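Peer 1:
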Amino acid sequence: MDACCGGGPGPQPDDYDYGPADWTVGERRTPAGSVPVVSTNLTPADAWGRIRMRMGIRRSHYRVRPGLYAVGSPDEDSPVLVSANYKLSFDTLRSKLAGIDAWMLVLDTKGINVWCAAGKGTFGTRELVERVHSVRLYEVVNHRTLILPQLGAPGVVGPMVPKLCGFEVRFGPVRAADLPGYLQAGMRAGPEMRRITFSLGHRASLTPIELSVLADPKVLAVVAVLLAIAAVASIGSGPDAFVGRVAGLIGVPLAGLVAGAVVTPILLPWIPGRAFALKGALVGAITAAAMILGLDTAGSAAGIVATLATVTTIASFTAMNFTGATTFTSPSGVVWEMRRALPFQVGGAAIAVLACAASLLGA
Amino acid sequence: MTGLRYISDVVTLELVADRCDGCGTCLDVCPHAVLADGTGKVSIADKDACIECGACSKNCPNGALKVRPGVGCASAIIRGWITGSEPSCGCDGAC
Numbered sequence: 007m008d009a010c011c012g013g014g015p016g017p018q019p020d021d022y023d024y025g026p027a028d029w030t031v032g033e034r035r036t037p038a039g040s041v042p043v044v045s046t047n048l049t050p051a052d053a054w055g056r057i058r059m060r061m062g063i064r065r066s067h068y069r070v071r072p073g074l075y076a077v078g079s080p081d082e083d084s085p086v087l088v089s090a091n092y093k094l095s096f097d098t099l100r101s102k103l104a105g106i107d108a109w110m111l112v113l114d115t116k117g118i119n120v121w122c123a124a125g126k127g128t129f130g131t132r133e134l135v136e137r138v139h140s141v142r143l144y145e146v147v148n149h150r151t152l153i154l155p156q157l158g159a160p161g162v163v164g165p166m167v168p169k170l171c172g173f174e175v176r177f178g179p180v181r182a183a184d185l186p187g188y189l190q191a192g193m194r195a196g197p198e199m200r201r202i203t204f205s206l207g208h209r210a211s212l213t214p215i216e217l218s219v220l221a222d223p224k225v226l227a228v229v230a231v232l233l234a235i236a237a238v239a240s241i242g243s244g245p246d247a248f249v250g251r252v253a254g255l256i257g258v259p260l261a262g263l264v265a266g267a268v269v270t271p272i273l274l275p276w277i278p279g280r281a282f283a284l285k286g287a288l289v290g291a292i293t294a295a296a297m298i299l300g301l302d303t304a305g306s307a308a309g310i311v312a313t314l315a316t317v318t319t320i321a322s323f324t325a326m327n328f329t330g331a332t333t334f335t336s337p338s339g340v341v342w343e344m345r346r347a348l349p350f351q352v353g354g355a356a357i358a359v360l361a362c363a364a365s366l367l368g369a
Numbered sequence: 016m017t018g019l020r021y022i023s024d025v026v027t028l029e030l031v032a033d034r035c036d037g038c039g040t041c042l043d044v045c046p047h048a049v050l051a052d053g054t055g056k057v058s059i060a061d062k063d064a065c066i067e068c069g070a071c072s073k074n075c076p077n078g079a080l081k082v083r084p085g086v087g088c089a090s091a092i093i094r095g096w097i098t099g100s101e102p103s104c105g106c107d108g109a110c
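Taken in sequence, the protein lines are chains C and S. FYI, the numbering for the first sequence is 7 to 369, going by the working numbering. FYI, the numbering for the second sequence is 16 to 110, going by the working numbering.
1) How close, in whole Å, do the beta carbons of Ala90 (chain C) and Leu113 (chain C) come, if the pair is a contact with beta carbons under 8 Å?
2) Closer than 8 Å between beta carbons: that is the criterion. Which residues of the segment 78-93 of chain S meet it against chain C?
3) Check whether the segment 116-135 of chain C and the segment 48-55 of chain C touch, using three or more Cβ-Cβ pairs below 8 Å as the test.
4) Counting Cβ pairs, one atom from each stretch, are 3 or more of them under 8 Å apart for the segment 269-280 of chain C and the segment 233-250 of chain C?
5) So, does the segment 311-331 of chain C touch the segment 282-291 of chain C, judging by three or more C-beta pairs under 8 Å?
6) Answer with yes or no whether the minimum CB distance from Asn148 (chain C) to chain S is below 8 Å.
7) Could you tell me how far apart the beta carbons of Pro228 (chain C) and Arg200 (chain C) are, in whole angstroms, since I believe they sit closer than 8 Å?
8) Count the other CB atoms within 10 Å of the CB of Pro26 (chain C); is the residue buried (16 or more) or exposed (fewer)?
9) Quick one: what's got a C-beta closer than 7 Å to Tyr68 (chain C)'s C-beta in the same chain, skipping five residues either side?
10) Going along the chain, which residues of the segment 43-68 of chain S sit with their C-beta nearer than 9 Å to a C-beta in chain C?
11) Go through the segment 107-182 of chain C residue by residue and report every complete run of the beta strand (DSSP E) that reaches 3 residues or more, in order.
12) Suppose only complete runs of 3+ residues qualify. What are the beta strand (DSSP E) ranges in the segment 263-330 of chain C, listed by chain order?
13) Inspect the beta-carbon positions of Pro4 (chain C) and Ile153 (chain C) and report whether they are closer than 8 Å.
14) Bridge partners for Lys81 (chain S) per DSSP, in chain order?
15) Residues of the segment 18-38 of chain S in Cβ contact with chain C at a cutoff of 8 Å, in chain order, please.
16) Hey, Val231 (chain C) and Val225 (chain C) are a contact pair by Cβ (cut 8 Å); roughly how many whole angstroms apart?
17) Take Thr98 (chain C) as the anchor and find which of C:Glu136, C:Ala321, C:Trp29, C:Val162 has the nearest alpha-carbon.
18) With DSSP as the reference, label Arg200 (chain C) as helix, strand or coil.
19) Taking only beta carbons into account, state which residues of the segment 19-49 of chain C come closer than 8 Å to chain S, listed in chain order.
20) Short of 6 Å in beta carbon distance, which residues of its chain neighbour Met61 (chain C), apart from the five on each side in sequence? Order them along the chain.
21) Would DSSP call Ser40 (chain C) helix, strand or coil?
22) So, under 8 Å CB-CB, Pro37 (chain C) and Ile106 (chain C) are touching, yes? Tell me the CB distance rounded to an integer number of Å.
23) Out of curiosity, what's the CA-to-CA distance linking Met7 (chain C) and Val162 (chain C)?
24) If Ala361 (chain C) and Ala312 (chain C) are in contact, beta carbons under 8 Å, what's the gap, nearest whole angstrom?
25) Is there a C-beta anywhere in chain C that falls below 8 Å from the one on Thr114 (chain S)?
26) Return the CA-CA distance between Val264 (chain C) and Pro84 (chain S), expressed in angstroms with no decimal places.
27) List the residues of chain S whose Cβ lies closer than 9 Å to the Cβ of Met326 (chain C), in chain order.
28) Taking only beta-carbon atoms, is Pro76 (chain S) less than 8 Å away from chain C?
29) Apart from the five residues on each side of it in sequence, which residues of its chain come closer than 8 Å, Cβ to Cβ, to Arg65 (chain C)?
30) For Val70 (chain C) versus Trp109 (chain C), is the C-beta spacing smaller than 8 Å?
31) Is the distance from the Cβ of Pro72 (chain C) to the Cβ of Arg137 (chain C) below 8 Å?
32) For Ala358 (chain C), which option in C:Pro337, C:Phe328, C:Ala308, C:Asn327 has the closest C-alpha, if you only look at C-alpha atoms?
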């Protein structure tokens with residue numbers, strides 16, 4: 007790698023600790039300097055990183071150094087594929103390029119995936135143009151074409167790019183897996199390559215993140231307070247009563263969370279209603295009814311109202327939050343449903359708290 | 016994407032047909048087949064499928080498409096309402 011401060015097409019230094027790049031398998035000499043060659047195989051360490059990301063563990067620490075990389079044995083006519091420096095994006099791209107000779111231009115999106123970075127502007131025109139200049143791409147390839155992932159389009163003003171760096175932007179398919187076919191067809195994508203879906207598997211893979219709110223210190227503090235309330239309310243009543251109160255004060259909201267953050271996303275297309283707040287409320291109400299009738303934990307009338315109100319409200323709110331993680335909701339639609347759902351959710355929360363208090367006080 | 020539809024009649028997408036020259040770039044970048052080929056010009060085929068990502072409006076060389084993109088994350092929107100600022104995604108983006 008060339009000089010350690012700027013210059014050279016290889017990855018540039020930064021104040022983020024990128025760690026050892028153990029997925030590099032060699033170097034490629036170019037007129038602009040030497041470029042790391044990356045492996046197209048993913049290792050168990052890469053697989054663990056993916057799992058760790060899906061679970062939400064240290065999500066902001068999974069990046070590769072931005073800059074130019076090579077896969078296979080590219081030359082001055084090989085295509086340039088642009089990606090984000092979120093390591094999952096990087097790994098997804100390189101693992102689909104087995105047997106292909108190409109350059110990978112990795113943008114500094116601060117470790118954020120292509121879609122979110124495009125929305126924020128970090129996978130954007132300016133970073134793209136600056137990165138082309140900083141790696142001196144025009145000395146590495148003879149052609150003047152950059153192939154961007156389609157989901158980067160919301161961040162890049164395509165028509166401006168040639169004026170700023172001399173390279174034209176072409177949008178490749180949504181999924182890296184379709185790149186070999188796209189390249190084979192002469193940089194042409196079939197309509198299916200340009201659509202995004204929201205399959206059951208995709209929806210299910212997002213549920214751990216939705217549940218990771220449980221690890222938030224503020225939420226844990228609330229849980230601690232609820233445990234204390236359960237303990238105080240059970241003074242003089244023995245351990246069974248305490249367990250019963252814990253089941254009520256913590257188990258019931260937890261059921262609401264699971265209904266809204268796991269069941270609703272998974273069953274999404276089959277639940278009536280367009281608004282997620284409504285879908286969540288329906289799933290929550292059914293869950294509450296099942297708990298009341300099946301487990302017989304609610305006891306008194308106040309307990310029944312508290313259970314119904316808590317599970318329905320929490321399920322509705324968490325389902326409404328899930329809109330941000332989907333691939334098919336519009337921000338205008340989210341605002342539309344929030345304006346209508348929030349008053350009900352606030353009301354539901356108030357009823358839940360009052361009924362719960364009444365139940366604890368012996369009603 | 017079978018059966019997944021969201022709220023109707025709320026999307027801010029607009030097509031200024033006079034400015035369209037039929038280059039088809041918007042057709043390449045739209046992830047939901049909102050736009051369709053017409054005769055020499057593009058048309059809006061499925062407005063309610065639009066997610067307001069802004070890919071089409073940013074990449075139209077003639078400014079024929081307008082949309083108000085935004086953050087679709089409910090908690091970001093609430094944060095925006097409370098602080099009186101634009102909703103911003105507070106997440107570190109690994110979603």
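Glycine residues also receive a C-beta, built at the ideal position from the N, C-alpha and C atoms. It should be emphasised that the depicted structure is a prediction, and the values quoted were computed from it without experimental measurement.
Peer 2: In this structure, then:
1) Residue 90 (chain C) sits at position 84 when you count from the first residue of the first sequence. Residue 113 (chain C) sits at position 107 when you count from the first residue of the first sequence. Going by Cβ atoms, the distance from Ala90 (chain C) to Leu113 (chain C) rounds to 6 Å, so yes, they are a contact pair.
2) Arg83, Pro84, Gly85, Val86, Gly87, Cys88, Ala89, Ser90, Ala91, Ile92, Ile93
3) no
4) no
5) yes
6) Start at 1 with the first residue of the first sequence, and residue 148 (chain C) comes out as number 142. Chain S contact via Cβ: absent.
7) As a working mapping, residue 228 (chain C) is identified with position 222 in the first sequence. As a working mapping, residue 200 (chain C) is identified with position 194 in the first sequence. Per the sequence shown, the amino acid found at residue 228 (chain C) is Val instead of Pro. Wrong, their Cβ atoms sit about 44 Å apart, outside the cutoff.
8) Counting from 1 along the first sequence, the entry for residue 26 (chain C) is found at position 20. Burial call: exposed.
9) Position 62 of the first sequence, counting from 1, holds the residue named residue 68 (chain C). Answer for Tyr68 (chain C): Gly55, Met59, Tyr92, Lys93, Leu94, Gly117, listed in chain order.
10) Asp43, Val44, Cys45, Pro46, His47, Ala48, Asp63, Ala64, Cys65, Ile66, Glu67, Cys68
11) 108-113, 151-154, 174-177
12) none
13) Here chain C comprises residues numbered 7 to 369, so residue 4 (chain C) is not present and cannot be evaluated.
14) For this step, residue 81 (chain S) is matched to residue 66 along the second sequence. S:Glu29, per the DSSP bridge assignment.
15) Gly18, Leu19, Arg20, Tyr21, Ile22, Ser23, Val25, Val26, Thr27
16) Taking the first residue of the first sequence as 1, we reach residue 231 (chain C) at position 225. Taking the first residue of the first sequence as 1, we reach residue 225 (chain C) at position 219. Rounded, the Cβ-Cβ distance is 11 Å, inconsistent with contact.
17) Reading the first sequence from its first residue, position 92 is the one you call residue 98 (chain C). For Thr98 (chain C), the nearest C-alpha among the options comes from C:Trp29.
18) On the first sequence, residue 200 (chain C) is found 194 positions in, with the first residue counted as 1. In the structure shown, Arg200 (chain C) sits in a helix (DSSP, three-state: H, G or I).
19) none
20) Position 55 of the first sequence, counted from the start, is the residue given in the question as residue 61 (chain C). Contacts found: Pro214.
21) Locating residue 40 (chain C) in the first sequence gives position 34, counting from the first residue. Here Ser40 (chain C) sits in strand by DSSP.
22) On the first sequence, position 31 is the one that residue 37 (chain C) refers to. On the first sequence, position 100 is the one that residue 106 (chain C) refers to. With 8 Å as the limit, Pro37 (chain C) and Ile106 (chain C) do not qualify as a contact, their Cβ atoms being about 22 Å apart.
23) The count along the first sequence starts at 1 and reaches residue 7 (chain C) at position 1. The count along the first sequence starts at 1 and reaches residue 162 (chain C) at position 156. Only weak support is given to the placement of Met7 (chain C): the predicted model assigns it a pLDDT of 30, under 50, and the question is left unresolved by the model.
24) What you label residue 361 (chain C) is simply residue 355 of the first sequence in a count that begins at 1. What you label residue 312 (chain C) is simply residue 306 of the first sequence in a count that begins at 1. With a Cβ gap of about 4 Å, Ala361 (chain C) and Ala312 (chain C) count as contacting.
25) Residue 114 (chain S) falls outside the range modelled here, since chain S spans only 16 to 110, and no answer is possible.
26) Position 258 of the first sequence, counting from 1, holds the residue named residue 264 (chain C). Position 69 of the second sequence, counting from 1, holds the residue named residue 84 (chain S). When rounded, the distance between both Cα atoms is 31 Å.
27) As a position in the first sequence, residue 326 (chain C) is number 320, starting the count at 1. By Cβ distance, chain S contributes Ala89.
28) Numbered from its first residue, the second sequence carries residue 76 (chain S) at position 61. Answer yes: the Cβ-Cβ gap between Pro76 (chain S) and chain C drops below 8 Å somewhere.
29) By one-based count along the first sequence, residue 65 (chain C) stands at place 59. Excluding sequence neighbours, Arg65 (chain C) sits near Met59.
30) By 1-based counting over the first sequence, the position of residue 70 (chain C) is 64. By 1-based counting over the first sequence, the position of residue 109 (chain C) is 103. No, they are not a contact pair.
31) Locating residue 72 (chain C) in the first sequence gives position 66, where the first residue counts as 1. Locating residue 137 (chain C) in the first sequence gives position 131, where the first residue counts as 1. It is a contact, given that the beta carbons lie within the stated cut-off.
32) Your numbering for residue 358 (chain C) matches position 352 in the first sequence. Ranking C:Pro337, C:Phe328, C:Ala308, C:Asn327 by Cα distance to Ala358 (chain C) puts C:Ala308 first.
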